[in-house]
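Terminal number for the sequence shown in numbering that gives the first Met the number 0: 193, no gaps in between.
All remarks here apply to the structure that follows.
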Amino acid sequence: MFEYIEGKVVNKKVDSVVLGINGLGYKIYIPLSTYEKIKKDKEKLYIYNYVREDAFILYGFYTEKERDIFTVLLNANGVGAKLAIAVLSTYNIFDLKEIIVNEQIERLIKVPGIGNKKGQKLILDIKDKIKLEDIELEGLTIKEKGKSKIEEELIMALQSLGYKEKDLNRLIKKEDIKKYKSVEEGIKDILRKI
0 MFEYIEGKVV NKKVDSVVLG INGLGYKIYI PLSTYEKIKK DKEKLYIYNY VREDAFILYG
60 FYTEKERDIF TVLLNANGVG AKLAIAVLST YNIFDLKEII VNEQIERLIK VPGIGNKKGQ
120 KLILDIKDKI KLEDIELEGL TIKEKGKSKI EEELIMALQS LGYKEKDLNR LIKKEDIKKY
180 KSVEEGIKDI LRKI
């Protein structure tokens, strides 16, 4: 099985990317969050190998943490790969953790394919696993002095992409953080400017 695949971006669509390696093209299905981060000609995606009787499908993620959350979602009752991808396309892993830990069903049902009943069941199934699997994100509830929650989450999200905190503090202070309605909106805006 593959841990990651690194190759030339041959084709990029909203739901998939083809990475070319030594004359072979690997079609990899991706969430929207990964699609937005793929910018270069050459990319490395962390892979989840989805094997069924009739198919062998590759799902790719920009970070290992995204892949880990995808795996947790897949292990929940009634959640298949398409629904897990829909969840990660709707919410980044930071927002998803907040939704699950705080049992915010009204936000979870915004994901296509999740209604009240399925949302409640999903929260019950993965609440404890998210806490264990996502230890690095536990600090989200602790605010640093002088920083808003959105600023902290922006810094953490961008650090997970490899950016240094001192550079981010400088960049984010230039931004009017209050204009962002969500962390995801802030991340998209800041990544466009980097």
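C-beta atoms are modelled at their ideal positions from N, C-alpha and C, and glycine is treated no differently.
All of these numbers come straight from a predicted model, not from anything done at the bench.
At a Cβ-Cβ threshold of 9 Å, K36 and E5 do not count as neighbours. With the rule of 3 Cβ pairs closer than 8 Å, the segment 81-89 counts as touching the segment 51-69.
In the three-state scheme derived from DSSP, where H, G and I count as helix and E and B as strand, E35 is classed as helix. Counting only runs of 3 or more residues that sit fully inside the segment 43-73, the beta strand (DSSP E) segments are 54-60, in chain order. Distance check between G59 and each of A156, M0, K187, Y179 places M0 closest, using alpha-carbon atoms only. Taking C-alpha positions only, N48 is separated from N101 by approximately 30 Å.
For V78, the secondary structure class from DSSP, reduced to helix, strand or coil, is coil. For V182, the number of other beta carbons within 10 angstroms of its own is at least 16, and it is reported as buried.
Look at K192 here: in three-state DSSP terms it is helix. DSSP places L160 outside any beta strand (DSSP E), giving it a letter other than H or E. DSSP places K109 in no beta strand (DSSP E); its state is neither H nor E. Only residues of its own chain outside the window of five on either side were considered, and among them A85, V86, T89 have a CB closer than 7 Å to the CB of V110, listed in chain order. In the three-state DSSP reduction, E97 falls in the helix class (H, G or I).
Cβ contact annotation for I189 (same chain, cutoff 6 Å, sequence separation greater than five): none. Membership of K12 in any beta strand (DSSP E) is not indicated, and neither H nor E is assigned to it by DSSP. Here N91 is buried, its C-beta having at least 16 other C-beta atoms within 10 Å.
If you ignore the 5 residues before and after G22, its C-beta comes within less than 7 Å of no other C-beta in its own chain.
Taking a C-beta distance under 9 Å as the contact criterion, L121 and A75 qualify as a contact pair.
Here the C-alpha atom of I20 lies approximately 10 Å from the C-alpha atom of V9. Taking C-beta atoms under 8 Å as the contact rule, T62 and S159 qualify, at a distance of about 6 Å.
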